[in-house]
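Residue numbers (UniProt numbering), protein chains in the order written: chain E, 1 to 691; chain S, 1 to 625. Glycine is no exception: its CB is placed at the ideal position from the N, C-alpha and C atoms. None of the values given here were measured: they were computed from a predicted structure. Report on the structure given below.
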Amino acid sequence: MARNKEKLVLLLDVGPSMHGVLPEVEKVCSMLVEKKLIFNKDDEVGVVVFGTEETNNELMDEVGGYENIVVLQDIKVVDGDLIDILKKLPRGTVDGDFLDAIVVGMDMLIKKYKGIYKGKKRLCLITNAIHPTKDSLEGSKEDQVGTLAVQMTAQGMKMESIVVRGILSQDANKRIMDENDRLLSIFSKKTRSRTVYVDSPISLLGALKTRRVTPVTVFRGHLELSQQMKIKVWVYKKTQEEKFPTLKKYSEKAPSTSKFATHQVMVDYEYKSVDDSSTVVPPEQRIKGYRYGPQVVPISDAERDAVKFKPEKGVKLLGFTDASNIIRHYYMKDVYLFIAEPGNTRAILAVSAIARAMKEMNKVAILRCVWRQGQQNVVVGVLTPNISQNNKIPDSFYFNVLPFIEDVREYQFPSFNSFPASWLPNEQQQMAADEFVQMLNLAPSGKEEALLPEFTPNPVLERFYHHLELKSKQPDAAVPPLDETLKRITEPDLELDFENKSVLDSLCKHFELKENSKLKKSARRLLPEKPSGSNGEDGNGNVSDARAVDSIGQEPVVKIEKIGDLTPVQDFEVMMTRRDNPEWVGKAIREMRDKILSLLTNSHGGDNYLVAVECIIALRKGCILEQEPGPYNNLMRYLYRYCQEKEISTFPKLLASMDVTLISKSEAVDSNFTDDEARRFLDKIKPEPKD
Amino acid sequence: MDLDPEDVFKDEEDDPDNEFFQQSESSKEYVVYLVDASPKMFNTTCPGKDQKDEIHFHVSISCIAESLKTQIICRSYDEVAICFFNTREKKNLQDLNGVFVFNVAEREQLDRPTARLIKEFDCIEESFMREIGSQYGIVPGSRENSLYNALWVAQALLRKGSIKTADKRILLFTNEDDPFGSLQGAAKADMTRTTLQRAKDIQDLGISIELLPLIRLDEEFNVSVLYSDLIGLDSEDLAQFIPSAGQKLEDMKDQLRKRMFTKRIIRRITFHIVKGLSIQLNTYALIRPTVPGAITWLDSVTNRPLKIERSLICEDTGSLIQEPPKRFQPYRNENVKFSMDEISEIKRISTGHLRLLGFKPLCCLKDYHNLRPSTFVYPSDQEVVGSSCIFIALHRSMLRLKRFAVAFYGGSSRPQLVALVARDEITTAGGQMEPPGMHMIYLPYSDDIRDAEEIFPDTEDDAPRADKDQIQKAAALIKRIEMKDFSVFQFANPALQRHYAVLQALALEEDDIPETIDETVPDEEGLARPAVVKAIEEFKLSVYGDNYDEENDHLGKEKVGGASRKRKEIAENAAKDYDWADLADNGQLKDLTVAALKTYLNAHDLPVTGKKEALISRILTHMGK
């Protein structure tokens with residue numbers, strides 16, 4: 001639908017102080033366009049960069065001024081070229097003026113859609129706002145911004161500003177920063193704008209909502225406090241999982257050259273009798289059966305519909321209760337948002353009064369909700385106040401679904417106090433834990449909260465869209481490694497660890513962990529989930545639990561016979577340690593060598609190099625252990641020649657940086673190389689700088 | 001927004017059906033209902049429902065029937081046997097006099113309850129006298145001891161299965177406190193002694209005997225005559241016994257139909273705390289939506305189960321596809337193909353375990369940071385000795401410092417950030433209310449959070465805010481409508497209870513569906529109390545002012561109403577463009593576009609879904625052709 005289209009102008013600061021975060025800006029902006037290409041194909045996007053050496057914009061041509069602003073891309077319907085542009089943003093040379101850029105962006109939107117288009121118009125500014133803006137010719141900067149804001153509102157534009165600060169921007173002039181913040185806050189106050197401050201690359205990737213979802217109400221109607229008192233509310237989803245895209249099945253039956261082939265796959269279901277698989281039962285002859293004891297009772301949909309529970313649509317208050325009565329982990333689902341009907345002042349007032357009173361008294365409300373007529377069940381949940389911090393935005397409620405009695409499983413777990421004393425932490429251990437918890441604080445006062453869900457992007461989706469883009473250019477592109485910035489989410493922040501090494505060391509020192517010797521590690525990894533909950537009965541994971549141990553005994557230890565793609569190093573190590581047949585060592589070394597070569601030859605842009613180096617290191621270790629230096633040294637010399645021929649320079653560099661030398665005589669007597677020679681090999685493979 | 005329970009209740013991690021079939025032996029219960037059928041059970045009455053007197057035998061039977069109906073839904077893997085004693089006929093493996101084991105076809109004597117058992121048992125009273133008969137078995141001069149025989153038969157029935165894997169119980173219903181009352185001297189002493197010995201032997205085998213005495217108004221049931229010794233009551237418990245037994249009888253009738261789940265570990269995970277320090281945790285599903293149960297498709301003609309065969313057909317060539325197909329995503333005007341391996345590689349961004357990232361104050365966990373039911377984690381020393389110790393230390397620190405842990409959970413289905421919130425144990429007299437451990441709350445990503453509240457700001461003015469007086473009035477209202485001891489364990493799921501009731505009625509071919517009560521409706525009576533009404537009225541006045549008409553107050557609603565009315569008008573006018581009857585008669589409806597067909601359907605308030613043929617047939621049906 002036309003009114004659902006969005007017209008967006010990206011205003012990107014590319015000045016020198018932004019260079020550090022531009023890779024993230026490139027990523028998030030191209031992701032935005034990649035998603036638009038799938039979900040909002042008709043949206044139109046323009047790109048403006050500021051802080052550039054050159055100047056190229058219409059306003060300069062028309063009225064002069066507006067230097068160092070380049071319109072990289074006029075507003076047009078999203079396409080692949082746009083991604084290419086965004087992936088290679090120019091690095092600017094001057095400190096940009098974001099106010100000028102806003103004017104240029106507004107001018108583009110106004111010129112293109114003046115009066116014609118009434119839909120969504122949005123500006124998206126990414127800057128660090130640490131450089132002074134130019135003084136305006138008339139009036140103060142505040143006045144100028146005020147005028148802009150009025151104009152923005154009149155034109156129905158929204159603006160989203162992402163200000164990159166903290167560790168991402170160098171120490172800047174505080175006075176200028178404050179002034180800029182004040183100017184930006186005028187936009188937030190006077191227009192439909194949003195300004196967010198981010199201080200880590202992760203938050204920058206998450207700060208811009210890359211997928212535009214038009215919110216849809218779940219329910220519009222009355223929130224009934226009682227028969228007499230009702231408040232008109234609209235209910236939206238506050239959180240909803242953005243799922244991995246559902247990919248359609250692809251049929252390769254039709255020739256790929258055929259232009260008209262859809263390549264779609266139809267899924268056909270046939271229902272056949274269990275006893276006689278030759279007869280196909282037509283779908284309308286099926287009937288649903290529910291289990292009743294050992295039997296299955298057929299209930300037709302018509303029967304079920306006639307007698308099933310049919311609640312009336314409506315949202316009713318059951319009562320208020322202390323917030324402490326509702327324990328956080330009972331929240332069952334994604335979250336709803338209750339807002340008063342927009343524009344209905346009295347409803348807004350009523351919601352505001354109740355929300356504020358609830359907040360003051362630390363109460364929550366229990367509601368019974370039937371969102372729509374014909375819904376099969378009621379929802380009982382808890383309404384909590386959301387006091388708005390922004391003067392523009394009315395107060396609202398969040399609503400979380402609570403479980404019914406049937407949904408709560410009352411399993412018993414042994415009390416920690418009933419554990420043997422040796423299992424409980426002693427005083428020093430407790431102190432070490434306390435220190436650790438305090439030290440690893442992600443929300444220190446005065447600093448921005450790290451890993452805030454609002455600003456944390458989904459790494460899987462990021463990777464998917466990245467891969468999609470790669471594949472569209474090169475259909476056999478390998479899966480790219482997880483983005484380095486996002487790797488911080490899946491693995492702990494190393495900087496933080498380093499700074500507090502003493503606390504970490506003390507934690508490790510105080511707590512001793514032992515593998516349970518009675519269980520083999522390899523067996524454990526392959527042990528399937530046991531349904532019996534065997535160690536749950538006594539709960540403390542007692543090893544004496546006979547059945548658990550038994551089942552491990554029965555479980556055949558799956559032996560690794562091949563080096564797989566997923567964990568080549570581990571597979572290799574396992575194979576090397578197999579002692580049931582002396583041939584394993586030779587096989588492992590051979591397989592590993594092949595693996596390394598295939599990794600190198602199948603590498604696109606060096607994405608496999610790291611894995612390959614890991615494999616080489618493992619192989620080296622293994623060969624020393626087995627005193628078999630030959631295969632390793634031969635491989636290394638082969639690799640050296642290979643890289644020379646193919647003019648691959650990054651891989652040898654990587655090897656050199658990891659100190660991967662040949663195996664010398666001192667490490668394995670059979671080697672033909674002295675320590676010195678082995679080391680010199682390293683120098684040899686370091687390629688000469690070409691230019 | 002579909003709230004269909006089938007969909008909502010889906011959970012990748014723990015499929016309820018799997019759980020259903022994986023239910024372990026250890027939680028099973030074997031019960032023998034031992035019912036006294038002596039004439040006294042038929043002659044005496046006690047006040048029942050509606051002030052009508054009910055005979056004791058009937059009370060016992062209906063109690064067992066109710067209990068079976070609950071059991072078949074809640075714990076259908078339990079096994080039961082029903083056994084009468086003091087009967088005229090005999091039917092038992094040992095061929096002992098005065099004992100009759102009731103059973104139906106296709107069922108062993110001690111077996112899972114079936115619909116047929118319940119159904120036939122429900123009408124046993126009609127045929128009881130004719131087929132089983134009542135006859136007191138202990139008479140002077142005879143060496144028969146029906147109570148002894150009954151215990152013997154019950155014990156034999158419970159021989160099945162190991163005591164380790166099942167709870168075994170005998171429930172004894174009787175109103176005779178002195179079964180050997182008619183005997184004298186040595187005979188009495190002898191019988192008492194052998195019966196008590198038998199009971200003791202049974203208990204030594206790990207089988208518990210429970211007595212459910214039926215009590216007359218005018219006569220006391222004297223437990224101390226025989227039964228206190230038989231079931232092994234201490235003198236302290238004696239005083240409490242009768243009232244608690246009465247309660248037990250009531251409880252058996254009014255059990256909630258709630259499917260029981262055995263405690264089961266969903267997954268064993270490794271929790272990386274820092275480098276070199278990884279502990280082992282077990283995860284449990286403490287809270288998961290309960291579903292009506294798996295659907296089995298049946299052939300409606302034969303009522304035999306069906307199996308589903310899925311085949312993939314190429315739309316272009318119509319040929320069958322055997323190998324698992326690749327997937328594609330249309331992108332930049334072409335189809336980008338992915339193999340399933342690539343997709344799983346994309347999703348595999350971490351090792352599948354839990355990695356600690358840091359800690360945050362509890363206030364950072366907002367109400368909207370939620371996506372799915374939480375998962376409970378509890379430490380285990382089974383594989384890594386010392387896990388519990390670290391876990392407990394962190395647990396205590398987090399409780400004391402009011403922090404929660406943020407961690408990355410790299411599961412295969414959806415790797416995501418989680419909050420680990422420590423909870424201390426809460427126990428009451430009734431047992432453990434909250435287990436000690438941590439709850440894993442799944443956090444949303446930035447793309448999962450929506451800002452619907454920000455879409456309607458008044459650009460001109462600030463949003464209205466309630467003033468002090470209005471907030472005070474609201475506070476007064478909150479105080480009035482307060483639920484003091486609310487707990488989440490308060491409401492049964494009305495749809496699920498209804499489903500169980502319907503299922504039972506159909507399975508047992510009962511005529512009426514048992515009533516289920518919807519506990520989730522507001523307390524209208526409470527809300528109508530004058531004080532409450534007054535508080536509500538005052539609040540209403542303070543925020544709405546006088547003469548506020550809720551229905552017509554608002555602009556948006558009218559606009560919407562107006563718009564839809566307008567749309568309808570257009571549709572009606574459009575529908576007039578065609579001579580529908582004529583088109584239908586000449587079979588020309590198929591020449592119209594779908595849009596044109598829909599104008600007719602819209603104008604007549606008919607559904608507009610389906611393919612063109614469906615639309616046409618719907619129009620024809622509507623015109624009566």
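* Asked: Mind pulling the alpha helix (DSSP H) runs of 4 or more residues that sit fully within the stretch 156-217 of chain E?
  -> Taking only runs of at least 4 residues, the alpha helix (DSSP H) segments lying wholly in the stretch 156-217 of chain E are 174-190, 201-207.
* Coarse secondary structure for residue 311 of chain S, derived from DSSP in three states -> Note: residue 311 of chain S maps to strand in three-state DSSP.
* Excluding the 5 residues preceding and the 5 following residue 675 of chain E in the sequence, name in chain order all residues of the same chain whose CB lies nearer than 6 Å to its CB. => Result list for residue 675 of chain E: 664, 666, in chain order.
* To do: Using a Cβ-Cβ cut-off of less than 8 Å, list which residues of the stretch 194-218 of chain E approach chain S; keep chain order.
  => Within the stretch 194-218 of chain E, the qualifying residues are 194, 206, 207, 209, 210, 211, 213, 215, 216, 218.
* To do: Mind reading off the beta-carbon distance from residue 420 of chain S to residue 408 of chain S? Whole number of angstroms is fine, and I expect it under 8 Å.
  => Actually they are not in contact, since the Cβ atoms of residue 420 of chain S and residue 408 of chain S sit about 11 Å apart, beyond 8 Å.
* Can we say the stretch 373-389 of chain S touches the stretch 342-351 of chain S, given the rule of at least three CB pairs closer than 8 Å? -> No: the two stretches stay apart, fewer than three of their Cβ pairs being nearer than 8 Å.
* Asked: Mind pulling the chain E residues with CB within less than 9 Å of residue 231 of chain S?
  -> Those within 9 Å of residue 231 of chain S in chain E number zero; the least Cβ separation is about 26 Å.
* To do: Taking only the alpha-carbon atoms, compute the straight-line gap between residue 321 of chain S and residue 247 of chain E and give it to the nearest angstrom.
  => Their Cα atoms are separated by approximately 17 Å.
* Beta-bridge pairing of residue 643 of chain E - partner residues as DSSP gives them -> Partner(s): none; residue 643 of chain E has no beta bridge.
* 7 Å Cβ cutoff, residue 149 of chain E in contact with chain S -> Chain S contact via Cβ: absent.
* To do: Quick one: grab the DSSP three-state call for residue 288 of chain S.
  => Looking at residue 288 of chain S - three-state DSSP - the assignment turns out to be coil, as it is neither helix nor strand.
* Would you report the Cα separation of residue 398 of chain E and residue 286 of chain E, rounded to the nearest angstrom? -> One Cα belongs to residue 398 of chain E, the other to residue 286 of chain E, and the distance between them is close to 42 Å.
* **Residues sharing a beta bridge with residue 235 of chain E, DSSP** => Looking at the DSSP output, residue 235 of chain E bridges to E/219, E/338.
* DSSP-derived helix/strand/coil call for residue 524 of chain S -> Helix.
* Same chain, Cβ closer than 6 Å to residue 608 of chain E, five either side skipped, listed in chain order -> Residues of the same chain with a CB within less than 6 Å of the CB of residue 608 of chain E, apart from the 5 flanking positions on each side, are 599 in chain order.
* **Of the listed residues S/89, S/378, S/228, S/277, nearest to residue 212 of chain S (C-alpha basis)** => When each option's Cα is compared against that of residue 212 of chain S, the closest is S/228.
* For the candidate residues S/66, S/286, S/327, S/270, whose alpha-carbon lies nearest to that of residue 279 of chain S? -> Among S/66, S/286, S/327, S/270, the Cα nearest to that of residue 279 of chain S is on S/270.
* Hey, is the stretch 313-323 of chain E in contact with the stretch 355-372 of chain E, meaning 3+ C-beta pairs nearer than 8 Å? -> Judged by Cβ distances under 8 Å, the stretch 313-323 of chain E makes contact with the stretch 355-372 of chain E, as three or more pairs qualify.
* To do: Answer yes or no: does any C-beta atom of chain E fall closer than 7 Å to that of residue 482 of chain S?
  => A Cβ of chain E is located within less than 7 Å of the beta carbon of residue 482 of chain S.
* Is the CB of residue 297 of chain S under 7 Å away from at least one CB in chain E? -> By this cut-off, residue 297 of chain S is an interface position.
* Which of the three DSSP states, helix, strand or coil, is assigned to residue 92 of chain E? -> DSSP places residue 92 of chain E in coil when its eight states are reduced to three.
* Grouping DSSP H, G and I as helix and E and B as strand, with all else coil, what is residue 298 of chain E? -> The three-state reading of DSSP puts residue 298 of chain E in strand, counting E and B together.
* To do: Run down chain E in chain order and give the residues with a C-beta less than 7 Å from the C-beta of residue 369 of chain S.
  => Ordered by position in chain E, the residues that pass the 7 Å Cβ test against residue 369 of chain S are 453.
* Excluding sequence positions up to five away, which residues of its chain have a Cβ less than 7 Å from the Cβ of residue 616 of chain S? -> So the list reads 589, 590, 597, once near-sequence residues are dropped.
* Take the Cβ of residue 476 of chain E as the centre, count every other Cβ of all protein chains shown within 10 Å, and call the residue buried at 16 or more, exposed below. => Around the Cβ of residue 476 of chain E, a 10 Å sphere holds fewer than 16 other Cβ atoms; the residue is exposed.
* To do: Using a Cβ-Cβ cut-off of 7 Å, state whether residue 617 of chain S counts as contacting chain E.
  => The Cβ of residue 617 of chain S sits no closer than 7 Å to any Cβ of chain E.
* Taking all protein chains shown into account, do 16 or more other C-beta atoms lie within 10 angstroms of the C-beta of residue 41 of chain S, making it buried, or fewer, making it exposed? -> With 16 or more other Cβ atoms from the protein chains shown falling within 10 Å of its own Cβ, residue 41 of chain S counts as buried.
* Contact under 7 Å by Cβ, residue 155 of chain S with residue 202 of chain S -> One thing to note: residue 155 of chain S has its Cβ within 7 Å of the Cβ of residue 202 of chain S.
* List the endpoints of the continuous beta strand (DSSP E) containing residue 268 of chain S. => 267-274 is the extent of the beta strand (DSSP E) around residue 268 of chain S.
* Asked: In or out: residue 82 of chain S buried (at least 16 other Cβ within 10 Å) or exposed?
  -> Burial call: buried.
* Which ranges does the alpha helix (DSSP H) cover as unbroken runs of at least 4 residues, wholly within the stretch 269-333 of chain E, from first to last along the chain? -> The qualifying runs are 301-307.
* Asked: So what does DSSP say about residue 351 of chain S, is it helix, strand or coil?
  -> Residue 351 of chain S sits in coil when the DSSP states are folded into three classes, being neither helix nor strand.
* According to DSSP, is residue 361 of chain S helix, strand or coil? -> Three-state DSSP puts residue 361 of chain S in a strand.
* Sorted by chain position, which residues of the same chain lie with C-beta nearer than 8 Å to residue 281 of chain E's C-beta, five sequence neighbours on each side aside? -> Around residue 281 of chain E, the same chain offers 271, 272, 273 as residues with beta carbons nearer than 8 Å, after the five sequence neighbours per side are excluded.
* Identify whether residue 46 of chain S lies in helix, strand or coil by the three-state DSSP scheme. => DSSP places residue 46 of chain S in strand when its eight states are reduced to three.
* Below-7 Å beta-carbon distance, residue 412 of chain E vs any chain S residue -> Judged by the 7 Å Cβ criterion, residue 412 of chain E is in contact with chain S.
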